[in-house]
Amino acid sequence: MKKIKLKKEYFYSENFDFNILKKRRMKFETNRISWFQNSSPKDNYAFLNDIEEDFKNLETINYFINDEKDKSINQLFEERKSTLLNRFCGDWNKKELLRLIYTAIGGEKRTREFKGNQYGLRNYPSGGSLYPIKTYILVNNLQGMEPGPYYVSPDLGKLIKLESNYHYEFSDLFPMSKYKLDPLSDSTEKVNFGVFMVMDLENSFKKYGELSERLAFFEAGHIVQNLQLFSSYLDKKSLPICGLFPEEIEKILNIRDKEYQFCIYGILFG
1 MKKIKLKKEY FYSENFDFNI LKKRRMKFET NRISWFQNSS PKDNYAFLND
51 IEEDFKNLET INYFINDEKD KSINQLFEER KSTLLNRFCG DWNKKELLRL
101 IYTAIGGEKR TREFKGNQYG LRNYPSGGSL YPIKTYILVN NLQGMEPGPY
151 YVSPDLGKLI KLESNYHYEF SDLFPMSKYK LDPLSDSTEK VNFGVFMVMD
201 LENSFKKYGE LSERLAFFEA GHIVQNLQLF SSYLDKKSLP ICGLFPEEIE
251 KILNIRDKEY QFCIYGILFG
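Be aware that the sequence shown starts at 1, since it is given in the UniProt record's numbering, and climbs by one per residue.
Encoded structure:
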């Protein structure tokens, strides 16, 4: 716990007790045993839309404006889309992957100063610029690159090939392909690679306590949005994916026993 002084009294804040956060994460962790009970999609939902009648007494401003001068930037956002796995083409190459990471993540051109030292900034927002999300690539089938895990280092501008002795089948990392839940999205055969977000709270928890977890979730979303936008720009296919078995991916990355690190999100390309 963290000792906080308010006026002349001291209080102990559970917000800075990492063991509490860790126990909560372990309780709700997605794994093969608990997935069907706690995380599998259920049928009692609907797709909801706003309707004009709900706002009939309020002033409205139409923002559906087609500005031809901004056509290119408009197209970038309008053409952003997710593609079901069985509609992947499997046509990515190494050069396109490197361009994707360079554009969506960055880390070379901008810096900030802190206590006399320069630190790199990236192409997505991060709470306090602490960058608690570590990004990993898991190559499945990509010409010019060996299958397996790679660590993305924005500070060095390099992909670092990791050693991993954990045997796995790519299709077993996701419930929808392992259990064949959706006939339109049950095969990883044409997935070239996946990018996975691992939050590392060892540093940011010292500053933000429990808030550091939420900030890491937000950051993972920012990264995936960048990745998918640029994938659409390249006219390639991708699928953000939260339906994964994090413990399996953590074993591949050799971080399963790391106290502060958790795989929370991913996106597949093919």
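Ideal placement from N, C-alpha and C gives every residue a C-beta, glycine not left out.
Compare the C-alpha of residue i against each of the options and name the closest.
i: Leu159; options: Leu173, Lys134 and His167; result: Lys134
i: Met176; options: Asn123, Glu250 and Leu244; result: Leu244
i: His222; options: Ser185, Asp54 and Gly266; result: Gly266
i: Val224; options: Leu100, Leu130 and Trp92; result: Leu100
i: Asp155; options: Asn254, Leu130 and Gly116; result: Leu130
i: Phe217; options: Pro125, Leu184, Thr111 and Asn254; result: Pro125
i: Glu202; options: Pro240, Val152 and Lys258; result: Lys258
i: Phe88; options: Arg80, Asn15 and Leu239; result: Leu239
i: residue 274; options: Met145, Ser212, Tyr168 and Leu98; result: Not covered by the structure: residue 274. The range shown for the chain is 1 to 270.
i: Arg122; options: Glu113, Gly116, Arg80 and Lys109; result: Lys109
i: Tyr102; options: Gly157, Lys178, Glu163 and Leu21; result: Gly157
i: Asn86; options: Glu219, Lys190 and Leu215; result: Lys190
i: Gln75; options: Gln261, Glu250 and Leu229; result: Leu229
i: Glu79; options: Glu96, Leu234, Glu250 and Gly116; result: Leu234
i: Tyr166; options: Ser153, Glu250 and Leu215; result: Glu250
i: Ser164; options: Val152, Phe174, Phe16 and Pro147; result: Pro147
i: Ser82; options: Tyr260, Leu227 and Gln261; result: Leu227
i: Phe174; options: Ser40, Lys23, Phe16 and Gly116; result: Ser40
I think residue i touches residue j, with their Cβ atoms under 8 angstroms apart; what is that distance to the nearest whole Å?
i: Cys242; j: Val198; result: At roughly 14 angstroms, the Cβ-Cβ gap does not stay under 8 angstroms, so Cys242 and Val198 are not in contact.
i: Asp172; j: Glu248; result: 7 angstroms
i: Met145; j: Lys178; result: Their Cβ separation, rounded to whole angstroms, is 24 angstroms, which puts Met145 and Lys178 out of contact at 8 angstroms.
By Cβ distance, which residues of its chain are closer than 6 angstroms to residue i, with the 5 residues on each side in sequence left out?
i: Gly194; result: Leu138, Gly266 and Leu268
i: Gly120; result: Gly107, Thr111 and Asp155
i: Phe170; result: Asn140 and Thr188
i: Glu219; result: Ser126 and Ile133
i: Phe18; result: Phe205
i: Gln261; result: Val198, Asp200 and Ile255
i: Leu84; result: Leu184 and Ser185
Let me know if residue i comes out buried or exposed under the rule of 16 or more other beta-carbons within 10 Å of its beta-carbon.
i: Lys237; result: buried
i: Ile105; result: buried
i: Asn31; result: exposed
i: Gly149; result: Checking the sequence, you will find Pro at residue 149 rather than Gly. Flag for Pro149 reads buried.
i: Tyr136; result: buried
i: Pro183; result: exposed
i: Glu53; result: exposed
i: residue 277; result: Because the chain in this structure spans residues 1 to 270, residue 277 falls outside the shown range and cannot be described.
i: Gly107; result: buried
i: Asn140; result: buried
i: residue 279; result: Residue 279 falls outside the range modelled here, since the chain spans only 1 to 270, and no answer is possible.
i: Ser232; result: buried
i: Lys56; result: exposed
i: Ile255; result: buried
i: Phe196; result: buried
i: Leu98; result: exposed
i: Gly114; result: The sequence given here has Phe at residue 114, not Gly. With fewer than 16 other Cβ atoms within 10 Å, it is exposed.
i: Phe77; result: exposed
To which residues of the same chain is residue i closer than 7 angstroms at the C-beta, ignoring the five residues directly before and after it?
i: Lys180; result: Asp186
i: Val152; result: Ile101, Ile105, Thr135, Tyr136, Ile137 and Leu159
i: Met26; result: none
I'd like to know whether the C-beta of residue i is nearer than 8 angstroms to at least one C-beta of chain D.
i: Asn31; result: The displayed structure is made up of one protein chain only, and chain D is not part of it.
Who are the near neighbours of residue i in its chain, counting only those whose CB is closer than 8 angstroms to its CB and skipping five residues on each side?
i: Trp92; result: Leu142, Asn192, Phe193, Lys236, Phe269 and Gly270
i: Leu21; result: Leu201, Phe205, Glu210 and Glu213
i: Glu96; result: Leu234 and Lys236
i: Gln118; result: Thr111 and Arg112
Checklist entry - Would you call the region 120-130 and the region 204-211 touching, i.e. three or more CB-CB distances under 8 angstroms? => result Touching, per the Cβ criterion.
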